[in-house]
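If you're matching them up, the sequences are chains H and W in order.
Everything in the first sequence is counted per the working numbering, starting at 1 for the first residue and increasing by one.
Everything in the second sequence is counted per the working numbering, starting at 1 for the first residue and increasing by one.
Below is one structure, written out as structure tokens, with a few remarks after it.
There are 2 protein chains.
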Amino acid sequence: MIFKQMTIIGVGLIGGSLGLIAKQKKLVGKVVGYGRRRGPLQKASSLGAIDCYFLTLSKAIREADLVVLATPVGLFEQICQLIGPFLKEGAVVTDVGSVKGGLVECLESALPSHAFFVGGHPIAGREKSGVMAATASLFQGNRFILTPTSKTNQSALKKVATLWKKTGARVSEMDPFDHDQVLGVVSHLPHLAAYALMETLTHPKVAKRDPVQYSAGGLRDYTRIAGSSADMWRDIFIQNREAMIEVIDLYQETIEKIKKKIIRGDGPGLTEIFERAKEIRRKATR
Amino acid sequence: MIFKQMTIIGVGLIGGSLGLIAKQKKLVGKVVGYGRRRGPLQKASSLGAIDCYFLTLSKAIREADLVVLATPVGLFEQICQLIGPFLKEGAVVTDVGSVKGGLVECLESALPSHAFFVGGHPIAGREKSGVMAATASLFQGNRFILTPTSKTNQSALKKVATLWKKTGARVSEMDPFDHDQVLGVVSHLPHLAAYALMETLTHPKVAKRDPVQYSAGGLRDYTRIAGSSADMWRDIFIQNREAMIEVIDLYQETIEKIKKKIIRGDGPGLTEIFERAKEIRRKATR
């Protein structure tokens, strides 16, 4: 047993999956859930993802020696400010957010000095969201990135690492700002590109022909990407603003480069790009 | 039996699948294959996609009353010029290319007056290419678009339509230029967006961190899209230049719009876009 009580704030896909595996493998003594609405918490409880739940934040975390932030990232700062005064001496607060960087510093300062923050990010997801999509095997074989800073308590870091290793995740460490740049390009940019494509289909110039009825495989893969939780992605885009803008600009630059090759009818130039894409494909799917 | 002899020029995924279903359902008397290399034709023959093959174009089409162009679209014009003098009186030439528009006019003029051109496009594909990926069920339930012009011979059009209906495809007609705009947005643009994303990952600023090892579901969907035949897409991008440029510009405009919302931290504005994307998802997957 790594922690006596783990309180999960936001019992959705990730929070629920963590609860399921933690209870299944007895990684913690007790799993408490917090949420704003009773419905999803009742579902989480009947699925076996939590032992009990509270609708009052201070009650939910009062006995916790581990608090896991698993709401959309935009709420993390406010939650840390609210729970701070009620946290046990030595409580560890961690998160599962897709944005780190400046947010980690911000959460570190939002917590009182008797609690320890450890930033973390399980790289796992499904096109479905919500606790009904949760599964104990979600983290198995997937990466989990810890983002310690100079302020991170080493004992808290080790305990959080142990918890995630036991879920089956491959745990590694990264600088919080490096994390945001890497995830910005392999995860946030792909989602932005998919949402932009969907939005292009709604442009009046395009939509008047109702093109979607002629779609095949390619578009279906995009709609899958664009099918994830809207609240989650809104917060990720805004919180990871700086890294996002940088990769969006690179993406626009690349599109412009390809467009010029199309205009010039530069076949070999296009082939070169397609071959490089296949190389990435080999790397990404291995 | 709709045609006595069908000659397929380019026996890959689409050509091979057409051969398989045509032989299985006895839609034509004989299926002849043409290609530049013996290897793939031997495979096509052993898979039952063709009855026999030739490595000489004039020999392959001499007895054909239907010729199907199934190479990358960039070769269509040259092939029509080469086969013209050897075509039987009343032979029908059709294609399976993803680009129509001006190309249809061009192929109509490239053929002699004793042969009839009918433009067609089966909206079917797989991430795999080549005859080994061919399957008799490839067209089942998928759309097939005929793109007749004022010059199209009505009897030839009907016979080609009948052939494709018998493959299980849902056959409809569209103006060749409308076709290019519609496919430009639902198929060609998604592929361009995926190739541009892959190419962005190779940018020195990004590649130095080897981000691909941290990729999850989102990127995998893109690599699938970017996994199709490079030669085919090179030709499509260049041949559908005009419609492509138009939708690329709309796409870039949309990315810029989303970027501005991110910069401003406009959460409700982003949510609106995500909700519209879900609407498209519902339409595309129904």
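Think of the CB as a built atom: it goes at the ideal place given N, C-alpha and C, for glycine as much as any other residue.
Everything numeric in this text was worked out from a predicted model, so none of it was measured.
Can you pull the chain W residues whose beta carbon is under 9 Å from the beta carbon of H/ILE258, in chain order?
LEU192, TYR195, ALA196, GLU199, PHE237, ILE248
| query | In chain W, what lies closer than 9 Å to H/GLN78 by C-beta? | reply | Chain W residues near H/GLN78: none, gap ~14 Å exceeds 9 Å.
Quiz item: If you draw a straight line from the alpha carbon of W/PHE54 to that of W/PHE237, how long is it in whole angstroms?
Solution: 30 Å
Taking its Cβ as the centre, do 16 or more other Cβ atoms sit within 10 Å of H/HIS114, making it buried, or is it exposed? In this structure H/HIS114 is exposed. Its beta-carbon is surrounded by fewer than 16 other beta-carbon atoms within 10 angstroms.
C-beta neighbour in chain W for H/SER215, strict 7 Å:
It does; some Cβ of chain W falls within 7 Å.
Check your understanding: Roughly how many whole angstroms lie between the Cα atoms of W/ASN142 and W/THR7?
Key -> 23 Å
Flag H/ARG170 as yes if its beta-carbon sits less than 7 Å from any beta-carbon of chain W, otherwise no. With its beta carbon at least 7 Å from every one in chain W, H/ARG170 lies outside the interface.
* To do: Decide yes or no for the touch test of the segment 58-68 of chain H against the segment 134-149 of chain H: beta carbon pairs closer than 8 Å, at least 3 of them.
  => no
For the alpha helix (DSSP H) that W/TYR214 lies in, which residues bound it at each end?
-> Taken as a continuous stretch (DSSP letters only), W/TYR214 belongs to no alpha helix (DSSP H), as it is neither H nor E.
- Message: With a threshold of 7 Å between beta-carbons, can H/MET244 be considered close to chain W, or not?
- Response: So yes, H/MET244 belongs to the interface.
So which residues on chain H does W/PHE139 lean against when the C-beta distance must stay under 8 Å? Within 8 Å Cβ-Cβ: nothing; W/PHE139 doesn't reach chain H, min ~11 Å.
| task | Compare the C-beta of H/ARG281 against all C-beta atoms of chain W and say whether one is closer than 7 Å. | result | yes
Point to revise | Rounded distance between the beta-carbons of H/HIS179 and H/HIS121, thought under 8 Å | key: 7 Å
(Q) Counting only Cβ pairs nearer than 8 Å, list the residues of chain W close to H/PHE274. (A) Listed by position along chain W, the residues whose Cβ is nearer than 8 Å to that of H/PHE274 are TYR195, ALA226, ALA230, TRP233, ARG234.
Roughly how far, in whole angstroms, is the beta-carbon of W/LYS283 from the beta-carbon of H/VAL212, given that I think they are within contact range, below 8 Å? 5 Å
**Request:** Specify, as a first and last residue, the run of the alpha helix (DSSP H) that H/GLU242 falls within.
**Result:** 241-264
So what's W/ILE50 in DSSP terms, helix, strand or just coil?
coil
Range covered by the alpha helix (DSSP H) that runs through H/PRO190 | 189-201
Check: What residue range is occupied by the uninterrupted beta strand (DSSP E) comprising W/PRO85?
Finding: Counting along the chain, W/PRO85 falls outside any beta strand (DSSP E), and DSSP gives it neither H nor E.
For this session: Can you tell me which of the three DSSP states H/MET6 falls into?
Result: strand
* Terminal residues of the beta strand (DSSP E) in which H/ASP95 lies -> 92-95
* **Separation of W/ILE50 from W/GLY125, as counted between CA atoms** => 20 Å
Under DSSP, the alpha helix (DSSP H) around W/PHE287 begins and ends at which residues? Residue coverage of chain W in this structure runs from 1 to 286, which leaves residue 287 of chain W outside it and unanswerable.
**Q.** Classification of W/ARG241 by the beta-carbon crowding that lies within 10 angstroms, buried from 16 upward
**A.** buried
Beta-carbon neighbours of H/TYR222, restricted to chain W and to distances below 7 Å = PRO190
>> I want to verify the contact list: residues of chain H whose CB lies under 8 Å from the CB of W/ASP178, in sequence order.
In response: Contact annotation for W/ASP178 against chain H: ARG209 [CB-CB distance below 8 Å, chain order].
Under 8 Å by beta carbon: chain H residues contacting W/VAL212: The answer, in chain order, is VAL186, ILE280, LYS283, ALA284.
* Asked: Among W/ASP95, W/ALA243, W/ARG209, which one has its Cα closest to the Cα of W/ALA156?
  -> Nearest option by C-alpha distance: W/ASP95.
query = Taking C-alpha atoms, which residue in H/GLU173, H/TYR214, H/PHE177, H/ASP221 lies nearest to H/TYR195?
reply = H/ASP221
inquiry  = Just verifying my parser: in three-state terms, what is the DSSP assignment at H/VAL160?
reply    = helix
field: Own chain partners of W/ALA226 with C-beta closer than 6 Å, once the 5 adjacent residues on each side are dropped
entry: ALA194, TYR195, MET198
- Alpha carbon to alpha carbon, what distance is there between W/ARG36 and W/GLY12? 12 Å
- Measure the alpha-carbon distance for W/ALA22 versus W/HIS188 and round it to whole angstroms. 28 Å
### Message
To the nearest angstrom, how far is the alpha carbon of H/GLY102 from that of H/PHE177?
### Response
So the alpha carbons of these two residues sit roughly 7 Å apart.
- Message: Any beta carbon of chain H sitting closer than 7 Å to that of W/LEU270?
- Response: yes
Spatial neighbours of W/LEU82 within its chain, please: C-beta separation below 6 Å, excluding the five flanking residues on both sides. LEU57
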